[in-house]
Every structure is written in structure tokens, then in C-alpha cells.
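**Q** Numbering (the working numbering), first residue to last: 80 to 213.
Below is one structure. I have some questions about it.
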């Protein structure tokens with residue numbers, strides 16, 4: 080069975096930034112695949128592309144259109160928010176990280192690529208993988 084993968088915002092940002100070429104190369108390979116993200120990831124990446132990478136509105140629009148064409152994008156629902164609340168309470172995880180994990184679990188992803196969370200930790204049938212530690 081092929082892994083179903085969810086990508087956190089930080090992985091996307093490395094793919095577009097040339098500040099760390101090693102992380103950029105690893106991230107670029109990950110974001111080329113048809114994976115899953117949430118509207119939260121799309122929002123965070125777009126915001127950082129504007130602030131940190133100085134993308135224009137036209138470039139952001141192109142990025143968003145490409146994401147909707149390439150990825151399975153999860154919108155927040157009541158179930159995502161409730162599951163996130165349970166994850167926060169059970170694992171003492173930040174609000175935004177709990178939403179990422181909840182989105183991954185709700186969309187039945189079994190791997191979450193993230194640099195910000197504990198590598199190899201398993202939450203709600205989702206294994207967190209820091210692809211820079213592999």
C-alpha cells in the first residue's frame with residue numbers, strides 16, 4: 080500500500096527558498112508528488128511567500144492555482160476542529176500543529192512531513208516524519 084502523505088507548511092517554504100540548498104532539494108522532491116495539504120498550509124505558505132520571499136500577487140495566484148490542480152486540499156470542518164481539540168488536549172501540542180495533525184488524520188494520511196514536530200511520533204494513525212533527518 081502506498082503511503083498517503085500530508086505536507087506541513089515548512090516543507091513547502093524550503094522548496095521555494097534558496098537559503099538552505101540541501102533542504103530545498105529534499106523539499107522540492109516531496110512537493111512534486113500528488114500529496115495532501117490543508118487550506119491552513121496554503122494560507123501559511125502564501126503569507127510567508129509574500130513576506131519572506133517577496134512573491135508578487137500574480138505569483139501567489141499562480142501558486143494557489145497550481146496547488147488546487149496538483150494536491151488534495153482539505154478544508155476545515157467541524158470534525159477537523161474537534162479532532163484538533165482532542166489532539167491538543169491529549170498530546171499538549173500547539174493550536175496550529177494540532178490542526179495540521181487533525182487535517183492529516185481526517186484525510187486518512189498516514190505520514191505527515193514536518194520539521195516542527197517530533198520525528199517518528201505517531202498521533203491519530205499519522206507518523207510525523209522530518210524528511211531532513213532521513
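Beta carbons are placed, not taken as given, at the ideal position from N, Cα and C, and that holds for glycine.
Per DSSP, which residues does residue 205 bridge with? Please list them.
**A** Taking the chain shown and counting its residues from 1, one reaches residue 205 at position 126. Bridge partners of residue 205: 202.
**Q** Since residue 122 and residue 195 should fall inside the 8 Å C-beta cutoff, what is the C-beta to C-beta distance between them, to a whole number of angstroms?
**A** Start at 1 with the first residue of the chain shown, and residue 122 comes out as number 43. Start at 1 with the first residue of the chain shown, and residue 195 comes out as number 116. In fact, because the Cβ distance is near 16 Å, the residues do not count as touching under 8 Å.
**Q** Using the Cα positions of residue 96 and residue 107, report the straight-line distance between them to the nearest angstrom.
**A** Sequence index remark: in the chain shown, residue 96 carries index 17 (1-based). Sequence index remark: in the chain shown, residue 107 carries index 28 (1-based). Distance between the alpha carbons of residue 96 and residue 107: 10 Å.
**Q** Could you pull the start and end residues of the alpha helix (DSSP H) that residue 174 belongs to?
**A** Along the chain shown, one-based indexing puts residue 174 at 95. From DSSP, the alpha helix (DSSP H) with residue 174 extends over 174-185.
**Q** Spatial neighbours of residue 189 within its chain, please: C-beta separation below 7 Å, excluding the five flanking residues on both sides.
**A** Numbered from 1 along the chain shown, position 110 holds the residue referred to as residue 189. The residues are 82, 83, 204, 205, 206.
**Q** Along the chain, where does the beta strand (DSSP E) containing residue 217 start, and where does it finish?
**A** A query on residue 217 cannot be resolved here, the shown segment of the chain reaching from 80 to 213 and no further.
**Q** Please list the terminal residues of the continuous beta strand (DSSP E) segment that includes residue 117.
**A** What you label residue 117 is simply residue 38 of the chain shown in a count that begins at 1. Segment 115-117, the beta strand (DSSP E) holding residue 117.
**Q** Does the count of Cβ pairs from the stretch 164-181 and the stretch 114-128 closer than 8 Å reach three?
**A** yes
**Q** Note down the Cα distance separating residue 211 from residue 143, rounded to an integer number of angstroms.
**A** Within the chain shown, numbered from 1, the residue matching residue 211 stands at position 132. Within the chain shown, numbered from 1, the residue matching residue 143 stands at position 64. Looking at the two C-alpha atoms, the distance is approximately 25 Å.
**Q** Alpha carbon to alpha carbon, how far is residue 185 from residue 157? Give it in angstroms, no decimals.
**A** Along the chain shown, read from residue 1 onward, the residue named residue 157 stands at position 78. Along the chain shown, read from residue 1 onward, the residue named residue 185 stands at position 106. Taking the straight line from one Cα to the other gives about 11 Å.
**Q** Does DSSP put residue 85 in a helix, a strand or coil?
**A** What you label residue 85 is simply residue 6 of the chain shown in a count that begins at 1. Reduced to three states, the DSSP call for residue 85 is strand.
**Q** Rounded to whole angstroms, what is the Cα-Cα separation between residue 111 and residue 167?
**A** What you label residue 111 is simply residue 32 of the chain shown in a count that begins at 1. What you label residue 167 is simply residue 88 of the chain shown in a count that begins at 1. Each residue's alpha carbon lies about 30 Å from the other.
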